[in-house]
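Chemist: Dropping a structure here in structure tokens format, bear with me for questions.
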Amino acid sequence: MSTDTPSDRGAGPRRIEVYEGREAVVEFDPDLTFECVDDCTWCCHHGVLLYDRDLIELAARANLAETTTDFRGEKFVTREPKDREAHVDEDGNACAFLREDGLCSLHLEEDWKPTRCSVFPLGVWLEEGDLHVDIRDSAHDHCDGLNVSDRRVIENLEAFLPEVLWDLENPDSERVL
């Protein structure tokens, strides 16, 4: 993956090759860092959109009839009531795979995450045929993992952006349940 140089910083959006032949237009500060922090499950409180490939992967790990729901013609992971007080939606619900200890059963027990979970806290969308990437507006207000580590997002884009995103008709990550 190619990255910017110090002289490129602050120059506005930049194209970065994330995978061979697959670029993203990066619109966030190149010095931004991110690392999940303990007991921050904010990203799990809204619906997790499942792309087709995610549905196939999830079906190998869970009963889709029990763990997914349809909304506006798209599949999402079911949200369910949680006993947690922190980082659940106002209605007390969160992702069905969020355990009571605040950890994700899919990530920990299955060593897998849906594409949408890998992308967080980034927002992705297509614009004029290019995949654009920025920090989700809501992440600036709620995500405790921004700028708390040395892990620069721009140097680790392949960890956040699964290659399938370039093949999707609509990878827009702002769609919620």
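Numbering-wise, the numbering used here comes out as the position in the sequence shown, counting from 1, plus 5.
Heads up, the beta-carbon is just placed ideally off N, CA and C, and yes, glycines get one too.
Sorted by chain position, which residues of the same chain lie with C-beta nearer than 8 Å to residue 24's C-beta, five sequence neighbours on each side aside?
Modeler: 6, 163, 168 and 171
Chemist: For residue 31, count neighbouring Cβ atoms within 10 angstroms of its own Cβ and tell me buried if that reaches 16, exposed if not.
Modeler: buried
Chemist: What does the Cβ neighbour count give for residue 70, buried or exposed, with the cut at 16 atoms within 10 Å?
Modeler: exposed
Chemist: I'd like to know if the region 83 to 98 and the region 56 to 63 are in contact, where contact means that at least 3 CB-CB pairs between them fall below 8 Å.
Modeler: no
Chemist: Could you tell me how far apart the beta carbons of residue 174 and residue 128 are, in whole angstroms, since I believe they sit closer than 8 Å?
Modeler: Not quite, the Cβ-Cβ distance comes to about 17 Å (not below 8 Å), so this is no contact.
Chemist: Any idea which residues DSSP pairs residue 31 with across the strands?
Modeler: 19 and 138
Chemist: Here's the rule: buried if 16 or more other CB atoms are within 10 angstroms of the residue's CB, otherwise exposed. What is residue 113?
Modeler: exposed
Chemist: Taking DSSP's pairing of strands, which residues face residue 100 in a bridge?
Modeler: 84
Chemist: How about the region 39 to 50 and the region 145 to 163: do they share at least three Cβ pairs that are nearer than 8 Å?
Modeler: yes
Chemist: Nearest to residue 97 by CA position, among 51, 153 and 21, is which residue?
Modeler: Comparing Cα positions, the closest option is 51.
Chemist: Given this structure, state the Cα-to-Cα distance separating residue 20 from residue 64, to the nearest angstrom.
Modeler: 35 Å
Chemist: Go through its chain and collect everything with a Cβ distance to residue 152's Cβ below 6 Å, but skip five positions before and after it.
Modeler: 38
Chemist: Starting from the Cα of residue 138, find the closest Cα among 111, 33 and 117 and give me that residue.
Modeler: Here the closest residue by C-alpha is 33.
Chemist: Compare the Cα-Cα distances from residue 68 to each of 104, 111, 149 and 22 and report the closest residue.
Modeler: It is 111.
Chemist: Can the beta-carbon of residue 115 be found closer than 8 Å to that of residue 66?
Modeler: Yes, they are a contact pair.
Chemist: Do you know whose CA, among 18, 107, 17 and 43, lies nearest residue 154's CA?
Modeler: 43
Chemist: Assuming contact is defined by CB atoms lying nearer than 8 Å, are residue 148 and residue 126 in contact in what I supplied?
Modeler: Result yes, Cβ atoms of residue 148 and residue 126 sit closer than 8 Å.
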